[in-house]
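Asks: Just passing along the structure, written as structure tokens.
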Amino acid sequence: MRKQLPSWRSFTLVELLVVIAIIGILIALLLPAVQAAREAARRTQCSNNVKQILLAIHNIHDARKVLPPLAAPCADPNPSWTDNKKACYTPVSSSYGEHIYTMFHFLLPFIEQQPIYDRISPTGYAGGVYHMVVPTYLCPVDPSIREGKNLTAHGGAKYWAAGCYGGNNYVFGDPPKRVTYGAATLPGSVPDGTSNTIFLAEMYGTCGNDPDGNIDSSNVWGSLWADANSIWRPGFNLGPTKSQYKSGSQVADYPPSPMFQVAPHYIKTCDASRPQAAHPGGMHVGLGDGSVRFLSGTMNEQIWARLADPRDGQPVGEY
Numbered sequence: 004m005r006k007q008l009p010s011w012r013s014f015t016l017v018e019l020l021v022v023i024a025i026i027g028i029l030i031a032l033l034l035p036a037v038q039a040a041r042e043a044a045r046r047t048q049c050s051n052n053v054k055q056i057l058l059a060i061h062n063i064h065d066a067r068k069v070l071p072p073l074a075a076p077c078a079d080p081n082p083s084w085t086d087n088k089k090a091c092y093t094p095v096s097s098s099y100g101e102h103i104y105t106m107f108h109f110l111l112p113f114i115e116q117q118p119i120y121d122r123i124s125p126t127g128y129a130g131g132v133y134h135m136v137v138p139t140y141l142c143p144v145d146p147s148i149r150e151g152k153n154l155t156a157h158g159g160a161k162y163w164a165a166g167c168y169g170g171n172n173y174v175f176g177d178p179p180k181r182v183t184y185g186a187a188t189l190p191g192s193v194p195d196g197t198s199n200t201i202f203l204a205e206m207y208g209t210c211g212n213d214p215d216g217n218i219d220s221s222n223v224w225g226s227l228w229a230d231a232n233s234i235w236r237p238g239f240n241l242g243p244t245k246s247q248y249k250s251g252s253q254v255a256d257y258p259p260s261p262m263f264q265v266a267p268h269y270i271k272t273c274d275a276s277r278p279q280a281a282h283p284g285g286m287h288v289g290l291g292d293g294s295v296r297f298l299s300g301t302m303n304e305q306i307w308a309r310l311a312d313p314r315d316g317q318p319v320g321e322y
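Heads up, the numbering used here is the position in the sequence shown plus 3, with the first residue counted as 1.
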């Protein structure tokens with residue numbers, strides 16, 4: 004006698020819909036956790052970048068006995084707008100000699116980027132390496148860059164590599180002289196203490212305040228690691244005057260540092276004179292003692308200003 008095979012009952016439509024609903028609920032519960040994990044990983048990477056740059060700053064100080072200058076007067080080795088063909092260079096007598104660089108040029112050998120450093124030319128525009136993307140200088144959550152470069156065609160910036168971290172002009176510049184190339188030493192130039200002074204902060208690679216959202220507007224600037232030209236400098240505390248954004252020449256001594264921005268729209272509401280970050284709730288900063296802190300966007304503005312000033316003599320307090 005042939006053995007009868009067992010019969011199988013198929014799913015009803017209702018049962019199938021229930022299963023699909025359960026799967027949908029599980030996915031809905033899982034997605035926020037996945038997104039949170041990804042954000043945590045990106046935030047950790049960003050923090051690690053700040054740490055590497057801070058260590059490079061200390062290492063170059065150990066080697067040269069002076070901190071690097073924030074930026075030269077400008078980046079053009081042969082400016083056509085003046086009879087002075089050396090207008091963009093720092094003085095020969097300045098701490099790092101005659102150059103048209105930013106502090107981030109000098110840090111390259113100390114973040115394992117010696118090949119890029121070796122290609123720098125004092126007669127090349129911005130040293131001739133402005134198009135070269137440096138991963139350590141990029142924050143993975145910055146919405147304003149693509150493939151490591153600025154997004155606006157204004158000034159040809161889309162061909163330049165972005166810099167998502169900016170130096171504090173109150174540390175690396177010389178505000179009393181209204182120039183952006185200082186000769187700071189540690190700890191002497193930071194009387195408030197390196198643990199109470201911000202050296203680095205996050206900045207958008209592309210940053211503008213064009214209400215219409217025109218990416219190529221003349222109101223869209225940014226932060227370019229190799230650019231010493233004022234509106235593109237990778238730095239802050241350089242002056243808020245619109246016509247002279249980030250020039251440094253408009254800063255009278257050490258005015259209170261403007262509060263940083265948290266997740267502004269990078270074209271419509273971004274203030275290029277301030278630091279900004281896209282992390283939910285706050286921003287990474289690097290302190291002079293080599294530590295990295297995540298500051299809340301709701302912190303007291305006075306505390307921020309005290310942290311940004313290396314010599315105000317004011318107690319910082321809790322933050």
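We put the beta carbon where it would ideally sit given N, CA and C, even for glycine.
Specify whether the stretch 86-106 and the stretch 135-149 touch according to this definition: at least 3 beta carbon pairs, one from each stretch, less than 8 angstroms apart.
Replies: No, the stretch 86-106 is not in contact with the stretch 135-149.
Asks: Any contact of the stretch 63-83 with the stretch 143-162, i.e. 3+ C-beta pairs under 8 angstroms?
Replies: No, the stretch 63-83 is not in contact with the stretch 143-162.
Asks: Does E304 come out as helix, strand or coil in the three-state DSSP assignment?
Replies: Residue state, collapsed to three classes: helix.
Asks: How big is the Cα-Cα spacing for K32 and V265?
Replies: Checking the displayed sequence, the identity of residue 32 turns out to be Leu instead of Lys. Their Cα atoms are separated by approximately 27 angstroms.
Asks: Is the beta carbon of G225 closer than 8 angstroms to that of N153?
Replies: Yes, Cβ-Cβ distance for N153 and G225 is below 8 angstroms.
Asks: In three-state DSSP terms, what is H282?
Replies: Correct three-state label for H282: coil.
Asks: Taking the C-alpha atoms as reference points, what is the distance between S147 and L19?
Replies: Answer to the nearest angstrom: the Cα atoms are 44 angstroms apart.
Asks: Here's a check: name, in chain order, each residue in its chain whose Cβ is nearer than 7 angstroms to the Cβ of G151, leaving out the five neighbours to either side.
Replies: Only V136, L141, A164 and A165 meet the Cβ criterion.
Asks: Suppose contacts are defined by Cβ-Cβ distances below 8 angstroms. Is F175 in contact with P313 by that definition?
Replies: Result no, Cβ atoms of F175 and P313 do not sit closer than 8 angstroms.
Asks: Tell me the DSSP secondary structure of R67 in three-state form.
Replies: Three-state result, R67: helix.
Asks: In the structure shown, what three-state DSSP assignment does T93 receive?
Replies: It is coil, neither helix nor strand.
Asks: Quick one: what's got a C-beta closer than 7 angstroms to I123's C-beta in the same chain, skipping five residues either side?
Replies: Counting only Cβ-Cβ distances below 7 angstroms, and skipping sequence neighbours, we find H108, G130, G131 and V132.
Asks: Would you identify the three-state DSSP class for I299, choosing helix, strand or coil?
Replies: This sequence places Ser at residue 299; Ile is not what is there. The answer is strand: DSSP assigns S299 an E or B state.
Asks: With a threshold of 8 angstroms, are at least 3 pairs of Cβ atoms found where one atom belongs to the stretch 198-208 and the other to the stretch 85-96?
Replies: Taking 8 angstroms as the limit for Cβ pairs, the verdict is that the stretch 85-96 does not touch the stretch 198-208.
Asks: In whole angstroms, what separates the C-alpha of N172 from that of L110?
Replies: For N172 and L110, the distance between alpha carbons rounds to 16 angstroms.
Asks: With burial defined as no fewer than 16 other Cβ atoms inside 10 Å of the residue's Cβ, what is the status of Q305: buried or exposed?
Replies: The residue is exposed, with fewer than 16 neighbouring Cβ atoms inside 10 Å.
Asks: For a minimum of 4 consecutive residues, which ranges assigned as the alpha helix (DSSP H) are wholly contained in the stretch 159-202?
Replies: DSSP runs (the alpha helix (DSSP H)) wholly in the stretch 159-202: 172-175.
Asks: Look at S252 and R296 and say whether their C-beta atoms are less than 8 angstroms apart.
Replies: No. Outside cutoff.
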